[in-house]
Amino acid sequence: MFRVEGGAPLDFAAREPLHPCSPLESTALFNPFKRRTFLQAVVAVAATTTFGCSDDAETPDASAGSPYFPQSLASGDPRPDSVVLWVRVEDSARAGDNLPLRLEVSTAADFKTLVLDKTDLTALAEHDHAVKVKVTGLSARTTYYYRFSYEKDGQRHTTRTGRTRTAPAAGDDVAVKFVFASCQDFIGRYYNAWQRLLQLDADLDFVVFLGDYVYETTGDTSFQSGDGGRAVRFSAPNEALPQGTGLTAFLAANSLSNYRDLYKTVRTDKQLQAVHERYPFIIVWDDHEFSDDCWQDVATYEDGKRDEKQRDRKLNAEQAFLEYIPLDTAQSPEGAIDVANEPRFPNSRIYRDFEYGRHLKLLVTDYRSYRPDHLIPEDGYPGTVALDATLLGAALQGQPDAVKQTFQADTFAYVNIDDAAYATHKQVLQGVYLSQAKAAGLTDAEAAQKAAKWVAGPLALYYVNQVLAAVNKALVIPPADKPRGLAYAHMGKAALFNIQGSRYVVVKDTFDLFAAVKYQLSQGKSEDVFGPAQEQWFQQTLTTAQNTWKMVVSSTSLSALIWDFRQQADITDPTLRQRFYFSVDQWDGFPTKKKVMLNTLKAQGVQNTLFISGDIHASFASVEEGVPVLTAPGITSGSIKSLASLALIGAGYATGAPVYQHAVVEMEKTLQASNPGLRFADADSHGFVMVEVKADETLATFHLIPAAEVAKDYSKRSDSELEAKFTSRTFRVKNSDIQPA
């Protein structure tokens, strides 16, 4: 038994018995599993009409807008007495100039009386003429209307009218209604989900967007469609990062100009504009605002082939986000927010909390900025022993004898390849490594450096003997009398540079064991998702909140997504009949921290905690360690089912194969059978979740449209056609449980 600092003891004996590890062949079916599996991007549509007038002229038609404001306007971070208002003005004739703006705020849609008339705003060229204004001194739970205007050559050009709402005052006994959503890929897709929200015309307090507001790529064929006119094009493509080759080549944002182009493009969509014009947003980033599956300032495109620490790129991504997203990261005073002074990596701070009357405290967390690397390195050598005999033995204390015996099998034997007796074996293994590394695109020098690092020390015979046998069967090392340990291969790692067995499709039982030991040895640093400052804020805010409901916004899902094939008799390959985590880029990748965090909340007596999350492109309602979790589907991004289908077909599995049947066709059934806490699963729909927070319960309604409809532009069809495509499912959250309403 290991005891984790700050949490309950980790009792390995209390777990289900560990299943034998996964042989190398068990991961082959998942190749090639594309990296950008849960993503999205953005692009432009037609401009609006223009009109002009002076202050003395008749008030312009605010419904028309102006082409000087191609992204319309938006509001965000509503509090009882303040809100952040956003706009961007674009005048190509004055691209390098700072531009004057006026802001009007009123409690009336006709602006007959104003609560604010700010005439001294300046849209700075250095911030792409985007402006964020914090308006203070407002009344609680009040609807306000606002508009910006730009005067040129004696004519006044005005935005459409925006509507926003402040939060109720602390202690107000009122219900709260909001929507949460995530992942809005623009390329080849349409925002039918946003259009449906507009159709419903719900009386919302706000919209939470959970991340992947933009996608950093211009056409990654592993998930993005090249069909139709909706595309992202960089104004400075020479500044971007080239990815892929030949017909599969695309670009990834790199420069500040590139990242700004993403936001400018997505904000030209009329459905998204209309939602921003109607509701205030509370927004957090996930990975694609910077780079897929990132952690801190490190990207993952190379899957460990090269160092991808990209500080300048990260800072460019953050600046564009802060310029274009209506949020206040620095608790700014009234007036224009100075984006230049907002904290940046490594001191980023977008985690924040909101109070909505007596019944809701909303904690918005940041999963990406401080977290450590994925536990299994993408360049990890499959044969590398992660837990030697001593560590494995300690981890297995308290486990049933049958489990201990499992790990005494020859599968777990290892040798120290640096011993003189294995000099020839090491030379052969390094030669094979060099060949494979160069085939993966490394230079001779890079491959040699990697080989020296990885083909050394304790190596698992389970992997090593397969390599040696392929060269010369006489080189195979007998496993008898060798120590037993746990290697990356036992967790599903089969290739040198791969997301499979590192970020996706990881053997659950061996991974959990490895994670817990590493957590103990590092005193929690190996899974320190929040970092010290955010962790302190998180614990203090949750434990001191007096609100009925404490809702935590997490960009990635806490619902455990497991493929349990152990009892699937039609899967005849015994190497596949075990449990796999689908993705360990989400909270499944930090299983010890997740367990400790949720159990600590219960131990501290925190009542009515609910996590809301996104990222995974599917809908889930689950109870994890006694804590309810809701996961929103993507607005448009490829569903998890469609992505799993492409992966298995690409690996050579026919649609009628048993593995395909359980992993794809019956994905929802498999996931629910594998996680008893999973109350609801929909793996092939887009949409959003509407939440009603009451004194005694919370209702969550999933509004869903089949993923196949995403390529159809319903803005050109009747309202009834779109309405007919949507279904809804409502769940009641009460007494730490989730059940159908």
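Start counting the sequence shown at 1; every next residue gets the next number (UniProt numbering).
Just so you know, even glycine gets a beta-carbon here, dropped at the ideal spot from N, CA and C.
These numbers were taken from a predicted model, which means no experiment stands behind them.
Taking the CB atoms as reference points, tell me whether residue i and residue j lie closer together than 7 Å.
| i | j | result |
| --- | --- | --- |
| residue 747 | residue 631 | Residue 747 lies beyond the range of the chain shown here (1 to 741); nothing can be said about it. |
| residue 590 | residue 692 | no |
| residue 530 | residue 379 | no |
| residue 160 | residue 65 | yes |
| residue 588 | residue 199 | no |
| residue 252 | residue 243 | yes |
| residue 678 | residue 642 | no |
| residue 598 | residue 582 | no |
| residue 447 | residue 437 | yes |
| residue 725 | residue 705 | yes |
| residue 74 | residue 101 | no |
| residue 616 | residue 640 | yes |
| residue 164 | residue 144 | yes |
| residue 683 | residue 618 | yes |
| residue 223 | residue 258 | no |
| residue 314 | residue 345 | yes |
| residue 182 | residue 212 | yes |
| residue 286 | residue 293 | no |
In the DSSP assignment, the beta strand (DSSP E) including residue i goes from what residue to what residue?
| i | result |
| --- | --- |
| residue 678 | 678 to 682 |
| residue 250 | 250 to 252 |
| residue 543 | Careful: residue 543 lies outside any beta strand (DSSP E), inside the alpha helix (DSSP H) at 531 to 544. |
| residue 596 | It is not in any beta strand (DSSP E) - residue 596 instead sits in the alpha helix (DSSP H) that spans 591 to 603. |
| residue 563 | 562 to 564 |
| residue 729 | 727 to 734 |
| residue 554 | 549 to 556 |
| residue 648 | That residue, residue 648, is in no beta strand (DSSP E); its alpha helix (DSSP H) goes 640 to 650. |
| residue 181 | 176 to 181 |
| residue 207 | 206 to 209 |
| residue 786 | This structure leaves residue 786 out entirely; the chain is present only between 1 and 741. |
| residue 616 | Per DSSP, residue 616 belongs to no beta strand (DSSP E) and is neither H nor E. |
| residue 738 | 737 to 740 |
| residue 742 | Outside the displayed range of the chain (1 to 741) lies residue 742, so it cannot be described from this structure. |
Rounded to the nearest angstrom, what separates residue i and residue j at their Cα positions?
| i | j | result |
| --- | --- | --- |
| residue 218 | residue 440 | 24 Å |
| residue 151 | residue 551 | 43 Å |
| residue 281 | residue 114 | 23 Å |
| residue 422 | residue 663 | 41 Å |
| residue 158 | residue 89 | 10 Å |
| residue 126 | residue 246 | 36 Å |
| residue 783 | residue 121 | Residue 783 is absent from the model: the chain starts at 1 and stops at 741. |
| residue 290 | residue 320 | 10 Å |
| residue 40 | residue 214 | Annotation note: pLDDT 28 at residue 40 (below 50); position unreliable, no value reported. |
| residue 256 | residue 672 | 43 Å |
| residue 390 | residue 483 | 9 Å |
| residue 385 | residue 471 | 22 Å |
| residue 9 | residue 699 | Unreliable positioning characterises residue 9 in this predicted model, as indicated by a pLDDT of 35, which lies under 50. The coordinate reading is nonetheless provided below. Distance between the alpha carbons of residue 9 and residue 699: 34 Å. |
| residue 723 | residue 196 | 7 Å |
| residue 147 | residue 490 | 59 Å |
| residue 612 | residue 592 | 20 Å |
| residue 740 | residue 628 | 13 Å |
Between residue i and the ligand GDP, is there a pair consisting of the residue's CB and a ligand heavy atom that are separated by less than 6 Å?
| i | result |
| --- | --- |
| residue 167 | In terms of ligand content, the structure shown is empty, and the ligand GDP therefore cannot be addressed. |
Using DSSP with H/G/I as helix, E/B as strand and the rest coil, what is residue i?
| i | result |
| --- | --- |
| residue 633 | coil |
| residue 334 | coil |
| residue 364 | strand |
| residue 327 | coil |
| residue 347 | coil |
| residue 273 | helix |
| residue 267 | coil |
| residue 717 | coil |
| residue 711 | helix |
| residue 187 | coil |
| residue 309 | strand |
| residue 261 | helix |
| residue 200 | helix |
| residue 654 | coil |
| residue 295 | strand |
| residue 664 | helix |
Note the first and the last residue of the continuous alpha helix (DSSP H) segment covering residue i.
| i | result |
| --- | --- |
| residue 430 | 423 to 439 |
| residue 455 | No alpha helix (DSSP H) holds residue 455; DSSP gives it neither H nor E. |
| residue 669 | 667 to 674 |
Should residue i be flagged as near chain C, meaning a C-beta pair shorter than 7 Å?
| i | result |
| --- | --- |
| residue 486 | Absent from the structure: chain C. Only one protein chain is present. |
Item checked: Segments of 3+ residues assigned as beta strand (DSSP E) that fall wholly inside the UniProt domain "Phospholipase D N-terminal" (72 to 166) -> Runs found: 73 to 79, 82 to 88, 99 to 106, 116 to 123, 130 to 135, 143 to 152, 155 to 158, 162 to 165.
Checklist line | Whole beta strand (DSSP E) elements within the stretch 369 to 420, 3-residue minimum | finding: Positions of the beta strand (DSSP E) runs, each at least 3 residues long and wholly inside the stretch 369 to 420, are given as 385 to 387, 414 to 416 in order along the chain.
Margin query: As an exercise, report each continuous alpha helix (DSSP H) stretch of at least 4 residues that is fully enclosed by the stretch 439 to 517, in chain order.
Written below: Runs found: 444 to 454, 461 to 471.
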